[in-house]
Structures are given as C-alpha cells and as structure tokens.
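Going by the UniProt record's numbering, the residue at position 84 of the sequence shown is 84; the numbering climbs one at a time, nothing skipped. For every residue, glycine included, the Cβ atom is placed at its ideal position computed from N, Cα and C.
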Amino acid sequence: MSIVPTESLGDARSPATATADTRTVHTFCRYCLAACGIEVTVAGNRVTKIAPDKQNPHSWHDFCAKGRTANQLVEHPRRILNPMRRVGDSYVESTWDEALSDIAARMNALIDEGGPDSIGVYYGNPAGFSSSNIIFMNGWLDAIGTKSRYFVGSVDQNAMHVVAEAMYGSQLMSPVSDVDHCDYFLLVGTNPAVSAWNWLETVPGGWRRALERQKAGATIVVVDPVATESARKADVHLAVRPGQDWALLLAMVTVILDEGLEHEGDCVDLATGVDDLRALVADADLDDLAARCEVPRAQIEDVARGFARATAAMVVTRTGVSLHEAGTIAEWLGHVLNVITGRMDRPGGRRFERGYVDALRMFELAKVEPHFSRLRGRDMIAGAHALAELPDEITTPGHGQVRALVINSGNPVVSGPDGAKLDAALGQLDLLVAVDFVQRESHRHAHWLLPAVHWLERDDLPAFTSSMHDEPFVQYGVRAVEPPAGAREEWRIWVDLAMAMRRPLFGARGVNGVIAATRRVATLTRRPHVEFSPHWINRLLVATSRRVNGSRLRWRDVIGSPHGIVLGPREYGHFREALRTDDKRVHAAPPEFLARTRELLASTPPVAPEGFPFQLGNRRHRHSMNSWLNELPGLHPSGRTNEVLIHPDDAAALGICGGDRVRVFSHVGSIELTAALSPRLRRGLVVVDHGWGSRIFDPSGGGEPQSFGVNRNLLVDGEGMDPLSQTSTLSATYVGLERLA
Ligand SMILES: Nc1nc2c(c(=O)[nH]1)N[C@H]1C(S)=C(S)[C@@H](COP(=O)(O)OP(=O)(O)OC[C@H]3O[C@@H](n4cnc5c(=O)[nH]c(N)nc54)[C@H](O)[C@@H]3O)O[C@H]1N2
Ligand SMILES: Nc1nc2c(c(=O)[nH]1)N[C@H]1C(S)=C(S)[C@@H](COP(=O)(O)OP(=O)(O)OC[C@H]3O[C@@H](n4cnc5c(=O)[nH]c(N)nc54)[C@H](O)[C@@H]3O)O[C@H]1N2
Ligand code: SF4
Ligand SMILES: [Mo]
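Written out as structure tokens, the structure is:
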C-alpha cells in the first residue's frame, strides 16, 4: 500500500460535532503519561472548554486541573509567536528563513572549528509527549554526527532504563501495572494521589483504581519519608530514611528468600541469578538493614511476608527512589521482589504489554554506538549523557567543547542540579537556541527563541509508547485548534535545520532531496498533504503494526475512532518471548548490581555533614508540571508559591514559626522562602517543591520578568550522582536552616 496520505490531515481529524461556529473535538491530554481522554469545545479557532471525554474506552472519564486549563498555555500572554533574535539585551521578531539560515551558518562554522560535538542539545520531558519530536531531533543530530546529547533521563528515569537493560535485555522493557487484579500494592517513592500513576506507563486513574481494590480488600503499603496524600490512604506507611530504600528492599528480599516465600517456578525457570541473590542476602544482616532505613525490623518482616503471600501483588518504584545515590540498586531490588515472588506477567502484577508497534525492535535497529563523554569518560544512557556533565562540557576548552546548544522542551536550570552553574555556562555559549512557548529561566541567554506548537495544536500518534498502556490501546491524538501562523512543530524545525545546514537527515544520503522534492510537488500542485511529514510515518507504523488479540490495525479505524480503541483484553504470557536477554531469561542478579550492593553494605550509613543537619526532600503539586504551569492564574491563585516545610519539633529547636522567612543553604547555594510547619515529615527532613523560581521573560513586550517562588535545585550539587544511572541526587542534599530577622 502507498504510505503517501490520500487525504489531508484536516480530513483525518475526528468527525467533530459542529454547530455554526462551535465544534467538539475528542483527543487526549499530553501533559503527563496519564493521557486522559478529553473533550475540547472550540469556537472559531479558540478553545472555550475542556472536559473529560466520557466516551473514551481506555481513559478514566476524569482528568485534573492541568488538563482542564490546557488552553491557558496556548493563550499565554507572553507566548512567543514568531522566531525572536537577540540583539543586545532585547529581542526582535524575525522570519523562519532568517532564523534557520543564521543558526545553520553559525553551527556549520562551529563544526568546522571544533567538530560535530560542538553542537549539543538538551531535551526535556515534554519532548517525549510528541510522537515526532525526538525521532526527527535524532535525525538532525545524526545528520550532524554529534554525541553531545543531554536528556532529562538523568534527572528522572535513567535508573529504570539501566535496570531494564541489565535484567530484561532492553532499556525500553518497562513493565506495566495490572492494578485491577492486584491484592497487595507496595508503592515505593511515589505519590500517585498527586502525580498520577505514571512513569513510563499509562494507567488511567491508577490511584483511584488502586483505592477501589483497597475497598475490595487489597492492602496498600506506601514507602515515603513523608506522610503524603497517598501514604495517608495507605494501610501501612513506612517512613523510610531518605535514600535508604535499597536497605529496606534488600531486607524484604532477605526475609522472602530466608523464609522460603519465593515463587519456586519463576526462580528456576524464568530467572537466572537467584542463587547469587541468596549469596548476597546471606552476607546481609536484617538488623543492620533495618537500622539503615530506620524502619523497624518487625514491620519490614510483616510487609515482606504480606507481599510474598498475597495472591496478586506488585512493587512500584518511582522518582522518590531514583533521585538518590543508590537509586538504581533500589529500583533493581523492586524488580527483584516482583520477579522472585512470581509477579511478572501475571494478573495483578507487572505485565508486559506488547503494543501495536514493536518499540523494542525499532530501538534496537536505531541502536547508537557507545560514546564516552569528553571530560568524565562516562557512557551514554538511553542515548544521552547526564545533564550534570553539561556545564563543564560548555566551559572547558578543547576539541568537542559544546559551543552551540539547543534546548528542546526543557528548563534544566530549574529542573536539573546546580542551576546557577548551568546558567553561568549557558551564558558562555556562542549560540543558544530555545524551542518552547515562552522564554523561561533556562532560555534567558538564548540568541534565538523558536516558537513551538502546543499539543492542542498538534496531531500525535504515540505508537512507540503503545507498550506503556496498561491495556492494548490506540488513539490518534488530533489537534483541537490550528497553531499560530509563526509557530512550528519541532519535527519541522529539525528537518529544516538539517536542510539549511546541508547535512543529510538521519545521516542517510538522499533523504533531504526526497523531502525537498515532496515540498516542491506540494507547492506546484497546491496539495500540502503531499509534502513529507510524520503523517507518512504514522501510516507506515499502522500498516506494519503487529496483530493485537489476533487482529490487525487499520488506518481508517484509527482515524475513525476519535475516542480511541481498546484493542481487546489485556494479554498475559508475552513477557518471556519479548525478553531481549540472550538466554531469554530474566537476569535477576546482574554482577554490577551485586558488586554495588556489597559496596553499600560495607559502607557506613551516611551522616549529615557539619552545619547541614537536614535533608532536602521534594514534593509535586497537583497543579504544577515540573517547572511549568506555575504561572497560570487558572491553576494558581495569585501569590501561590513554594515554601519550606519543616517538622514542628525541628522548627521549634531553631526558633522558627510557621510564616517566618527562612534561609535554606547547602554547600553550593542558598535560597530564602517562607516556613510552613508540618508534622507529616520525618524529623530531619525539610521539603521544598521543585519547579519554582523560573522566571518568565517578555521578549516581545519588554515587560519585567515574572517570577514565582524559588528554585530549590540551586542547592543541589551537580557532582552528586548515582554511579550506575548517572542520575543526579536531587532528593538527597544536606542543608542547613536559619530564621531570617
Ligand atoms: N528536585 C527535583 N528536581 C526534579 C524532579 C524532582 O522530583 N525533584 N523531577 C525531575 C523530573 S521527574 C523531570 S521529568 C524533570 C523535568 O525537567 P525538564 O523536562 O527539563 O523541565 P520542565 O520543567 O518539564 O520544562 C519543560 C519545558 O518544556 C516546555 N514545553 C512544554 N510542552 C512543550 C512542547 O510541546 N514543545 C516544546 N518545544 N516545549 C514544550 C515548557 O514550557 C517548559 O519550559 O525535572 C526533574 N527535576
Ligand atoms: N501534578 C503533577 N503530576 C506529575 C508531575 C508534576 O510535576 N506534577 N510530574 C510527572 C513526572 S515528569 C513524573 S516523572 C511523575 C513522578 O511521579 P512520582 O515519582 O510519584 O512523583 P512524586 O509525586 O514527586 O512522588 C515522589 C515521592 O517520593 C518521596 N521520596 C523522596 N525521597 C524518597 C526516598 O528516599 N525514598 C522514598 N521511598 N520516597 C522518597 C517524596 O516524598 C514523594 O512523595 O509524575 C508526573 N506527574
Ligand atoms: S492527569 Fe492531568 S496532566 Fe496528566 S494527562 Fe490527565 S489531565 Fe493531563
Ligand atoms: Mo519525570
């Protein structure tokens, strides 16, 4: 079949119910992986209302306030509507032709001097919610041949990738939660009541569904140093010492193996390495482990037994685990608990969803050559280097020094470690290009601001993440409104840059010529849909998709089903065949993890350094998305900002009352904010929400920057890192507190 679309994208959109000037569009929210189905009312080209899509068969018929107000970002008063070029201290509006040719010429000159690695990119979390952005960004990076790729994974999910690679043979093999059949939830370092049940998986309304299971008799255990919204609903809350989940989970593995509570079949047939685990736990001492994580031994034993004996159970680990030095070990031990108690690919456990597209295979085909960073000599993880390495790579001269950087959907000065150091480095670049809607903190030194398109203005078919849904599902995410004339989808920016730089997209000769030819034909024939676009790829992916529950996906069904299609019931039993390990077994005890765990066992428990007696924790807010959406009045009544939460006893000892101004300092930075007292924290922990303190500039209007709250990551040392996943230790910083006069 031809993959050239025969209808325009406009025709492919959902058959909107229309009255005079008002239409209803069914699509899904792309702010987080919960992917809630939504019903968007559009008048003219304006969104007038967003409601949950009650007919979406996969979604939970509900959503959160971020989805409800998604149009506020579209209509942001400071939205960048055309490319903006820096001239001195201000910006002037420019055309795309000017922007692309200037950026291309400057980048080519830098490559001539310092090689391809002098061009770098940082891509943030929202890049992954577009079905075309990262594919074409990599195509452009391959065109250049640069390895200076930095990615949000090193402040988020890298531990999962490292564990999946070592245990299952592919970094992308992330199991999904089978919530509706689960009898025992062990939730570690996650607050799904606020953050929704998502981290490399889509489990719509996951928390609500877990609570329904609880009503039917299931047990929920939450492991968190804070009595969060989720912990307060749990049957058991283990207020673990921050960063010591590895000790807690290892203690549970010990109890299970010592007491013979493991799943015999899976320990023999499915997994290898269980004997190595036995040898490891033989060297561990339960009392020592309990002392390290500061959870009573009896409670650990209870939970381990309850978990192992439950008919159906799952461990879920998230960012509370990963943003610490032993994050990978704790993440691994969570998977070990699932594997040795027979929870993989069984009802109520962690299932492997195949998806209609074999993302694992595509990932293998696109496999990048190993690359070691210039200064630290560290390997890439999930195709990118650690954000923490970026500042030195920018400021240290030599061949391959990063001299031009593109920030694609990211705000790393606020979301990554040691923002001040990164900010200073960004200021030294020969060329900084930001692709975003508004100019935020990380973009303040930008030479070019390139306006992006919001998902309400964009079509997405998230085929490569189809294996992350908790049931087989497809939905074509149609746009609700047309983007502003001057904004461009990222894929087009990357394609245009490759062409302007005269470097072959994907490093494949001839591709640029084909794309240029389709553009010429489109102009000549006045049929814009003839032009090459990601739509071609979508058609190809659907045409070559694999059978789900025995049937093949058809394009007309995909675009003819605005609410999405559940492609039959959840399937079990594909995990084994999907494994990418050579022996098709789960490697329960990868040697590098065993070695690191022995190191941790031999180490003395961490002590707070002199002068910094508190540990800085983190919180997410329902109405924020990392460092953005904080500025939207519909989500945050004016004046809302972040504060420092302190345990009342700790506050009393320092003479601090709620409402006092307080200075929080670490050995790399200092911030000032208002104190709020909360008995919900462990003593010794202080909590500041991340994501605040990002200014929003006004490049077109010249107004004063708007600022909301303070950036707690200014206190985080970029040197702190989990050696296995290269993840920054964003939740482990030791800080001091003082009351300000
Ligand atoms: N202390 C601490 N720090 C953390 C965390 C934590 O728990 N504690 N969490 C970490 C986690 S999990 C993450 S994912 C990272 C997030 O880190 P990042 O992804 O680097 O940062 P965000 O704050 O999400 O900023 C995203 C930017 O993308 C823009 N944007 C949104 N949608 C689009 C789009 O479609 N196209 C384009 N071009 N731009 C878009 C937004 O305007 C915003 O400026 O932060 C990490 N930082
Ligand atoms: N409203 C909202 N929803 C979001 C986001 C958002 O910014 N806002 N971000 C999205 C993104 S990008 C992601 S990655 C997911 C993240 O989803 P989650 O990982 O569930 O994120 P959090 O809600 O920050 O929950 C992390 C919990 O870990 C706890 N914690 C901190 N340190 C430790 C520790 O050492 N051990 C243990 N056991 N717990 C610890 C914190 O107290 C916190 O309650 O959420 C997504 N959903
Ligand atoms: S939980 Fe909120 S932000 Fe996430 S997809 Fe749903 S509506 Fe969007
Ligand atoms: Mo994240």
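Could you check the C-alpha separation between residue i and residue j for me, to the nearest Å?
i: residue 339; j: residue 284; result: 20 Å
i: residue 140; j: residue 522; result: 23 Å
i: residue 466; j: residue 288; result: 43 Å
i: residue 713; j: residue 690; result: 7 Å
i: residue 363; j: residue 172; result: 8 Å
i: residue 330; j: residue 384; result: 22 Å
i: residue 711; j: residue 671; result: 8 Å
i: residue 476; j: residue 574; result: 25 Å
i: residue 625; j: residue 70; result: 11 Å
i: residue 213; j: residue 119; result: 50 Å
i: residue 680; j: residue 135; result: 43 Å
i: residue 352; j: residue 190; result: 21 Å
i: residue 594; j: residue 336; result: 12 Å
i: residue 596; j: residue 443; result: 38 Å
i: residue 698; j: residue 88; result: 15 Å
i: residue 525; j: residue 636; result: 49 Å
i: residue 122; j: residue 436; result: 12 Å
i: residue 210; j: residue 549; result: 26 Å
i: residue 645; j: residue 422; result: 27 Å
i: residue 219; j: residue 301; result: 15 Å
i: residue 273; j: residue 62; result: 43 Å
i: residue 719; j: residue 412; result: 15 Å
Taking 8 Å as the cut-off, decide whether the C-beta atoms of residue i and residue j are in contact.
i: residue 201; j: residue 176; result: yes
i: residue 110; j: residue 430; result: yes
i: residue 491; j: residue 462; result: no
i: residue 73; j: residue 451; result: no
i: residue 649; j: residue 683; result: yes
i: residue 240; j: residue 315; result: no
i: residue 347; j: residue 312; result: yes
i: residue 249; j: residue 334; result: yes
i: residue 664; j: residue 688; result: yes
i: residue 721; j: residue 386; result: yes
i: residue 222; j: residue 231; result: yes
i: residue 438; j: residue 76; result: yes
i: residue 309; j: residue 244; result: no
i: residue 750; j: residue 143; result: Past the boundaries of the shown model lies residue 750; the chain is included only from 1 to 741, so the question cannot be answered.
Beta-carbon within less than 6 Å of residue i's beta-carbon, same chain only, minus the 5 sequence neighbours each way: which residues are those?
i: residue 194; result: 229, 620, 622
i: residue 586; result: 167, 270, 271, 339
i: residue 666; result: 715, 733, 735
i: residue 709; result: 641, 642, 692, 693
i: residue 117; result: 146, 147, 148, 400
i: residue 86; result: 447
i: residue 131; result: 460, 461, 462
i: residue 685; result: 225, 615, 617
i: residue 262; result: 256, 340
i: residue 10; result: At residue 10, the pLDDT of 36 sits below 50, so the modelled position is not reliable and the matter cannot be decided from this model.
i: residue 425; result: 391, 394, 395
i: residue 612; result: 734, 735, 736
Going along the chain, which residues of its own chain have a beta-carbon closer than 7 Å to the beta-carbon of residue i, five neighbours each way excluded?
i: residue 427; result: 445
i: residue 471; result: 58, 566, 570
i: residue 161; result: 153, 171, 381, 382
i: residue 174; result: 160, 164, 200, 201, 468
i: residue 14; result: Note that residue 14 scores 45 on pLDDT, short of 50, meaning its location in the model is unreliable and no value can be drawn from it.
i: residue 519; result: 531
So, at 8 Å on beta carbons, what are the nonlocal neighbours of residue i in its own chain, with the 5 sequence-adjacent residues on each side left out?
i: residue 21; result: 43, 44
i: residue 545; result: 356, 357, 463, 552, 553
Please find out if some non-hydrogen atom of ligand 6 comes closer than 7 Å to the beta-carbon of residue i.
i: residue 482; result: Within the structure as shown, ligand 6 is missing, the only ligands being ligand 1, ligand 2, ligand 3 and ligand 4.
### At least three beta-carbon pairs within less than 8 Å, the segment 551–568 to the segment 365–380
no
Requested in this report: Could you say if the segment 151–166 and the segment 181–194 meet the contact criterion of at least three C-beta pairs nearer than 8 Å?
Outcome: no
*Segment contact flag, the segment 451–466 with the segment 412–429, C-beta cutoff 8 Å, min 3 pairs*: no
- Item | Chain-ordered list of residues that sit, by beta carbon, closer than 6 Å to a heavy atom of ligand 3 | Screening all residues for a C-beta within a distance smaller than 6 Å of any heavy atom in ligand 3 leaves 29, 31, 32, 34, 35, 36, 63, 64, 66, 67, 196, in chain order.
Quick check: the segment 563–570 against the segment 56–70, are there 3 or more CB pairs under 8 Å?
Cβ pair count under 8 Å is three or more, so yes.
request  = Name all residues in chain order for which at least one heavy atom of ligand 4 lies closer than 6 Å to the residue's CB.
outcome  = 125, 156
_I want to know whether the segment 290–306 touches the segment 251–263 - three or more CB-CB distances under 8 Å._
Between the segment 290–306 and the segment 251–263, the count of C-beta pairs closer than 8 Å reaches three or more; the two stretches touch.
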